[in-house]
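Residue numbering for the sequence shown follows our numbering, beginning at 300 and increasing consecutively.
Where a beta carbon is used, it is the ideal one built from N, C-alpha and C, also for glycine.
Working notes for the structure below.
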Amino acid sequence: MNESLSTDRAVMNGSTNNTRTKRGKKQWKDLAVDPLAEGFTEHDASYTVGNSPLTWSQIETGQLFCRTKTAKAVHVKIHSGLGICLDTQARLEVKPTIRETMQVWLITSFNTTTASRANF
């Protein structure tokens, strides 16, 4: 073995420094228009929203919220950048740049009128 190969550890180990993969940055999508904002299927439940809107960052994980005061599309916050619509199962990805300014309405209570108890 000559001296040049023994001093180059990357060649001896069978790897080079150029093969490292770099992880790309998250590509945030713009928010889509709420599909249930205009017209929706009526559900047998009534929701009560807060008196004033909150920003996305003020809502805690697991809380129910909607994007409009009329509570037509109910979402649940999964983590700091994701919410899921309970009606359509659509993902709501919120960019970090708008998390402090995006207004949502917190659902303070709801009442289902057709809930029935399952017979076991």
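Three-state secondary structure (DSSP) of residue i
i, result
"Trp-355", "helix"
"Arg-366", "coil"
"Glu-399", "coil"
"Ala-417", "In this prediction, Ala-417 scores a pLDDT of 46, lower than 50, which makes its location untrustworthy; the coordinate-derived value is nonetheless stated afterwards. Here Ala-417 sits in coil by DSSP."
"Leu-385", "coil"
"Trp-327", "coil"
"Lys-371", "coil"
"Lys-376", "strand"
Sub-9 Å separation of residue i and residue j beta-carbons
i, j, result
"Val-393", "Leu-330", "yes"
"Leu-363", "Leu-391", "no"
"Thr-347", "Phe-409", "yes"
"Thr-360", "Ile-377", "yes"
"Trp-355", "Val-403", "yes"
Counterpart residues of residue i in DSSP-defined beta bridges
i, result
"Ile-406", "Val-348"
"Arg-390", "Ile-383"
Of the residues the options, the one placed nearest residue i, counting alpha carbons only
i, options, result
"Arg-398", "Gly-380, Thr-360 and Lys-376", "Gly-380"
"Lys-371", "Glu-359, Thr-360, Leu-385 and Gly-361", "Leu-385"
"Thr-367", "Ala-389, Gly-361, Gly-349 and Gln-388", "Gly-349"
"Thr-407", "Lys-328, Gln-326, Lys-325 and Val-373", "Val-373"
"Ser-345", "Val-332, Gln-357 and Cys-365", "Cys-365"
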